[in-house]
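Asker: Please see the structure below; I have some questions.
2 protein chains.
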Amino acid sequence: MHFDPASLIFNQAGLIPVIAQDAASHEVLMMAWMNAEAVARTLETGRVTYWSRSRQSFWVKGESSGHVQKLVDFRVDCDRDCLLVLVDQTGPACHTNRRSCFYTAVRDGDEVELMKPVE
Amino acid sequence: MHFDPASLIFNQAGLIPVIAQDAASHEVLMMAWMNAEAVARTLETGRVTYWSRSRQSFWVKGESSGHVQKLVDFRVDCDRDCLLVLVDQTGPACHTNRRSCFYTAVRDGDEVELMKPVE
Numbered sequence: 001m002h003f004d005p006a007s008l009i010f011n012q013a014g015l016i017p018v019i020a021q022d023a024a025s026h027e028v029l030m031m032a033w034m035n036a037e038a039v040a041r042t043l044e045t046g047r048v049t050y051w052s053r054s055r056q057s058f059w060v061k062g063e064s065s066g067h068v069q070k071l072v073d074f075r076v077d078c079d080r081d082c083l084l085v086l087v088d089q090t091g092p093a094c095h096t097n098r099r100s101c102f103y104t105a106v107r108d109g110d111e112v113e114l115m116k117p118v119e
Numbered sequence: 001m002h003f004d005p006a007s008l009i010f011n012q013a014g015l016i017p018v019i020a021q022d023a024a025s026h027e028v029l030m031m032a033w034m035n036a037e038a039v040a041r042t043l044e045t046g047r048v049t050y051w052s053r054s055r056q057s058f059w060v061k062g063e064s065s066g067h068v069q070k071l072v073d074f075r076v077d078c079d080r081d082c083l084l085v086l087v088d089q090t091g092p093a094c095h096t097n098r099r100s101c102f103y104t105a106v107r108d109g110d111e112v113e114l115m116k117p118v119e
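So the protein lines, in turn, are chains C and P. The letter at position 114 of the first sequence is residue 114 when you use full-length UniProt numbering, and the numbering goes up by one with no holes. The letter at position 11 of the second sequence is residue 11 when you use full-length UniProt numbering, and the numbering goes up by one with no holes.
Here it is as structure tokens:
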């Protein structure tokens with residue numbers, strides 16, 4: 001079946017959540033958002049492109065930092081309201097310069113830092 | 001630092017997106033939502049508990065299906081507006097009886113089914 005970005009379920013702001021997972025290590029790197037046009041651009045260019053809610057503009061991941069995400073596989077969930085992109089991640093995915101945005105764990109009621117920023 | 005669920009950033013509906021990942025295989029299983037009370041209950045009971053937007057009620061994953069998620073690790077992202085739970089998943093995570101909700105890939109413009117429901 002041909003895939004149509006318009007067949008996805010977007011929220012009231014026209015956005016869908018996207019989970020980025022490292023295709024090699026399977027580490028979950030980050031979660032961000034796409035609109036229908038960002039979905040189309042990601043599939044067309046193979047460069048993962050989000051919609052920045054703070055800047056209200058397209059966000060080609062790594063465009064300024066060089067920490068690009070090359071699309072390896074693009075997946076849709078059962079409800080068509082969430083996406084999973086498997087990516088080839090150059091450098092850290094997180095703006096704090098850590099590999100993953102999920103570097104804080106909650107263990108026994110306390111926050112624990114799991115990884116340090118890359119030097 | 002002590003973790004306080006109220007320190008998370010919830011959306012206008014009082015919810016935060018939660019990614020569930022298989023702690024052993026690292027497969028991304030599903031994405032759902034929690035409110036602050038669901039976060040607290042998950043940490044307290046070790047049973048992953050979401051907030052069902054359709055039913056507007058707490059949803060102890062697997063309560064009716066038996067496909068429970070035992071919490072293995074609980075992680076918070078850099079912006080504190082997304083959670084990642086590593087889980088010990090009993091049976092399929094998806095309501096379609098597939099291991100993961102992300103069973104559809106988009107390849108060369110077409111949708112491809114990656115896994116079948118468990119018999």
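We put the beta carbon where it would ideally sit given N, CA and C, even for glycine.
What do you get for Pro117/P, buried or exposed, if any count of 16 or more other CB atoms within 10 angstroms of its CB means buried?
Answerer: It counts as exposed.
Asker: Could you pull out every residue in the same chain whose Cβ sits closer than 7 Å to the Cβ of Ala93/P, ignoring the five residues on either side in sequence?
Answerer: So the qualifying residues of the chain are Ala20, Leu29, Met30, His67, Arg99, Ser100 and Cys101.
Asker: Considering Cα atoms alone, identify which of Met115/P, Asp110/P and Glu119/P is closest to Asp4/C.
Answerer: With distances taken between Cα atoms, Asp4/C lies closest to Asp110/P.
Asker: Have a look at Gln89/C, Leu15/C and Gly91/C and flag the residue whose alpha-carbon is nearest the alpha-carbon of Glu37/C.
Answerer: Of the candidates Gln89/C, Leu15/C and Gly91/C, the one whose C-alpha sits nearest the C-alpha of Glu37/C is Leu15/C.
Asker: If you reduce the DSSP assignment to three classes, tell me which class Ala32/C lands in.
Answerer: Ala32/C falls in the strand class under three-state DSSP.
Asker: Between Val48/C and Val72/C, is the Cβ-Cβ spacing less than 7 Å?
Answerer: For Val48/C and Val72/C, no; Cβs fall outside 7 Å.
Asker: Ala75/C touches chain P at which residues, Cβ-Cβ below 7 Å?
Answerer: Looking at the sequence provided, one finds Arg at residue 75/C rather than Ala. Those within 7 Å of Arg75/C in chain P are Phe102, Thr104 and Ala105.
Asker: In chain order, what are the residue ranges of uninterrupted alpha helix (DSSP H) at least 4 long that sit wholly in the UniProt domain "Phosphoribosyl-AMP cyclohydrolase" (30 to 103) of chain C?
Answerer: You should have 36 to 45.
Asker: Can you find the residues in the same chain that come closer than 8 Å, C-beta to C-beta, to Met34/P, ignoring five residues on each side of it along the sequence?
Answerer: Around Met34/P: Leu15, Ile16, Val18, Thr42, Thr49, Tyr50, Trp51 and Leu83.
Asker: Among Val39/C, Ile9/C, Glu44/C and Leu8/C, whose alpha-carbon lies nearest the alpha-carbon of Asp108/P?
Answerer: Asp108/P has its Cα closest to that of Glu44/C, out of Val39/C, Ile9/C, Glu44/C and Leu8/C.
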